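Okay, so here's the structure we're looking at.
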Amino acid sequence: MTDDDRAIGVELASGDRIGARTAVIGNLTPTVLFDDLLSHHSLPNRFEAYVDGYEYGPGTMMIHLALDDLPEWNGPDDIDEFAYVHIAPYVEDLAETYTDSLNGLIPKSPFLVVGQTTAVDPSRTPDTGEILWIQVRTLPSTIEGDAAHEIEATNWDDAKTPVADRVIDKLEAYAPDVRELVRERAVLSPVDLERNNPNLHGGDSVTGSHHLRQNFLWRPFPGWSTYRMPVENLYMIGAATWPGAGNNATSGQLAAQRILNPGFGTKSLVATEKYIKQKATAVRNKLHFFY
Ligand SMILES: Cc1cc2nc3c(=O)[nH]c(=O)nc-3n(C[C@H](O)[C@H](O)[C@H](O)COP(=O)(O)OP(=O)(O)OC[C@H]3O[C@@H](n4cnc5c(N)ncnc54)[C@H](O)[C@@H]3O)c2cc1C
Numbered sequence: 000m001t002d003d004d005r006a007i008g009v010e011l012a013s014g015d016r017i018g019a020r021t022a023v024i025g026n027l028t029p030t031v032l033f034d035d036l037l038s039h040h041s042l043p044n045r046f047e048a049y050v051d052g053y054e055y056g057p058g059t060m061m062i063h064l065a066l067d068d069l070p071e072w073n074g075p076d077d078i079d080e081f082a083y084v085h086i087a088p089y090v091e092d093l094a095e096t097y098t099d100s101l102n103g104l105i106p107k108s109p110f111l112v113v114g115q116t117t118a119v120d121p122s123r124t125p126d127t128g129e130i131l132w133i134q135v136r137t138l139p140s141t142i143e144g145d146a147a148h149e150i151e152a153t154n155w156d157d158a159k160t161p162v163a164d165r166v167i168d169k170l171e172a173y174a175p176d177v178r179e180l181v182r183e184r185a186v187l188s189p190v191d192l193e194r195n196n197p198n199l200h201g202g203d204s205v206t207g208s209h210h211l212r213q214n215f216l217w218r219p220f221p222g223w224s225t226y227r228m229p230v231e232n233l234y235m236i237g238a239a240t241w242p243g244a245g246n247n248a249t250s251g252q253l254a255a256q257r258i259l260n261p262g263f264g265t266k267s268l269v270a271t272e273k274y275i276k277q278k279a280t281a282v283r284n285k286l287h288f289f290y
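For the sequence shown, the positions run 0 to 290 when numbering that gives the first Met the number 0 is used.
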């Protein structure tokens, strides 16, 4: 909820309204926060252009397997003691898989991160069974085709089963008995991930590209890295802000410190960003004048 140019609280889907005394903090990606929840509020043109230009990374698929036993790995003896096993396997494979997915192609050789949580924590299953989950990184959010020319489906609801089969084929090369150990499997495509959590735009598990142009002082946008947003008392945190994905709670802690007790560091960062924004606007205005 906003009043003039100030965030004053939140309205729940039920219609209940909760007022805010100090700040409203959105733990959401910019397109969800500004396009979906604050669409009624006009923003500075430059800022809207930043939101429109926010870049997402490729999609992710999750495959959850219930197993009779943990697989025998073709690899070092102690590999069955690790909670995480990454299978790419080489930089060239990663590059090809990433390029395929950015071009909208289902990769020939998906990049797998395998979690065998019961290897380190047997209490994860209620009985004698075991669990493996497979995070399939860098898949196209929207399918244009298949790099291997085998899968015809171009929507994720139809493509997820054959893609999951390809994943298990690849896993079998490293854990040959895995297929016969599977009791049940659940597959969540990039589209399913976004259905479950709108923050995972296109199934991007890291909530926005972490390339340099959208990282550090440029995350989420140049000039807006201190969690303050152009609506007074509105702050944005989460993986779309510094320090990015996989650093759960850090952005929230940094934002809370800045809101409750803005120290010299925060004040100078805010002042520096303000100064750079003014200079950038002046340069842009001059360029308009000349052209
Ligand atoms: C499949 C998967 C695997 C991952 N694996 C790893 C890993 O191995 N290691 C690692 O470090 N990181 C991993 N990550 C990344 C990490 O989980 C994220 O970076 C982190 O969870 C992001 O936290 P967040 O608080 O920014 O957003 P989220 O955890 O996405 O929280 C946002 C919350 O807002 C809610 N929400 C969305 N829209 C609305 C709305 N309109 N109204 C109200 N609520 C809303 C959502 O339901 C969600 O609960 C993985 C992510 C995924 C998806």
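Yeah, the Cβ is synthetic: ideal placement off N, Cα and C, and Gly gets one too.
Treat the numbers as computed from the prediction; the structure is a model and nothing was measured.
Chain-ordered, the residues whose CB falls short of 7 angstroms from any heavy atom of ligand 1 come out as Asn26, Leu27, Val31, Asp35, Leu36, Thr59, Met61, Val112, Gln134, Leu192, Asn196, Pro197, Asn198, Leu199, Ser204, Val205, Thr206, Gly237, Ala238, Ala239, Ala244, Gly245 and Asn247. Collapsing the DSSP output to three states places histidine 200 in a helix.
In this chain, the alpha helix (DSSP H) harbouring tryptophan 155 covers 155–173. Counted as a single uninterrupted DSSP element, the stretch harbouring tyrosine 234 is not any alpha helix (DSSP H) but the beta strand (DSSP E) occupying residues 233–235. Between the alpha carbons of alanine 174 and alanine 94 lies a distance of about 23 angstroms. Linking leucine 170 to serine 188 through their CA atoms gives a straight-line distance of about 18 angstroms.
Scanning the stretch 57–106 for uninterrupted beta strand (DSSP E) segments of 3 residues or longer gives 58–66 and 83–86, listed from N- to C-terminal end. Look at arginine 136 here: in three-state DSSP terms it is strand. By the beta-carbon neighbour count (other beta carbons within 10 angstroms, threshold 16), valine 282 is exposed. With a 10 Å radius around the Cβ and a threshold of 16 neighbouring Cβ atoms, lysine 159 comes out buried.
The Cβ neighbour count for histidine 200, taken over all protein chains shown within 10 Å, is at least 16; the residue is labelled buried.
According to DSSP, residue pairing for aspartate 145 in a beta bridge involves Ile105.
DSSP, read as helix, strand or coil, puts arginine 178 in helix. Its chain contains Leu42, Pro43 and Phe46 as the residues whose beta carbon lies nearer than 7 angstroms to that of proline 229, once the 5 sequence neighbours on both sides are disregarded; these appear in chain order. Under the 10 Å beta carbon count, alanine 147 is surrounded by fewer than 16 other beta carbons and is classified as exposed.
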